[in-house]
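S.K.: Numbering (the numbering used here), first residue to last: 2 to 129.
As structure tokens, this is what we get:
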């Protein structure tokens, strides 16, 4: 018996998510094709110029925007940010520091603190 291994492929949306880029900003040939695991690995290890530019300047998908602002994706929505933002727009928001952003950052800090507290509590109960 011979083993035939098929090439694992993914949709462009999945590949864009794994690369941390906004799909609509990628080149047409990326959006219209399928991406193999090998192609994805090649893009990650040696990104072409378009990918380096997208990662640096955006537009960035919401998970990246949320991380750069230090808030949750839900916090972005509560703040009225529903679209992809460029690095320049993110920096402008940080400079402006609107009330919703301060509130969401405080909420995110509390969530992180509570998560650490719960992990500590779990670790202590595991030890006893």
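Built from N, CA and C at the ideal position, the CB exists for glycine as well.
1) So if DSSP puts residue 36 in a beta bridge, which residue, or which two residues, is it bridged to?
2) Since residue 73 is in the alpha helix (DSSP H), which residue starts that stretch and which ends it?
3) Any heavy atom of the ligand NAP closer than 7 angstroms to the Cβ of residue 72?
4) Roughly how many angstroms lie between the CA atoms of residue 57 and residue 100, to the nearest whole one?
5) Considering only C-alpha positions, which residue in the set 88, 19, 87, 63 is nearest to residue 76?
6) In the DSSP assignment, find the unbroken alpha helix (DSSP H) run with residue 117 in it and report its ends.
7) Please state if the CB of residue 60 and the CB of residue 29 are separated by a distance shorter than 8 angstroms.
8) Would you mind stating whether residue 16 and residue 41 have Cβ atoms separated by less than 8 angstroms?
9) To the nearest angstrom, how far is the alpha carbon of residue 125 from that of residue 118?
M.R.: Taking the geometry as given:
1) Per DSSP, 11.
2) No residue range can be given for residue 73, since it is assigned to no alpha helix (DSSP H) and is classified by DSSP as neither H nor E.
3) For the ligand NAP, the structure offers nothing, since it holds no ligand at all.
4) Spanning the two alpha carbons is a distance of roughly 27 angstroms.
5) Residue 63 is the option with its Cα nearest to residue 76.
6) Counting along the chain, the alpha helix (DSSP H) containing residue 117 begins and ends at 100-128.
7) The beta carbons of residue 29 and residue 60 sit no closer together than 8 angstroms.
8) Going by C-beta atoms, residue 16 is nearer than 8 angstroms to residue 41.
9) Taken atom to atom, the span from the alpha-carbon of residue 125 to that of residue 118 is near 11 angstroms.
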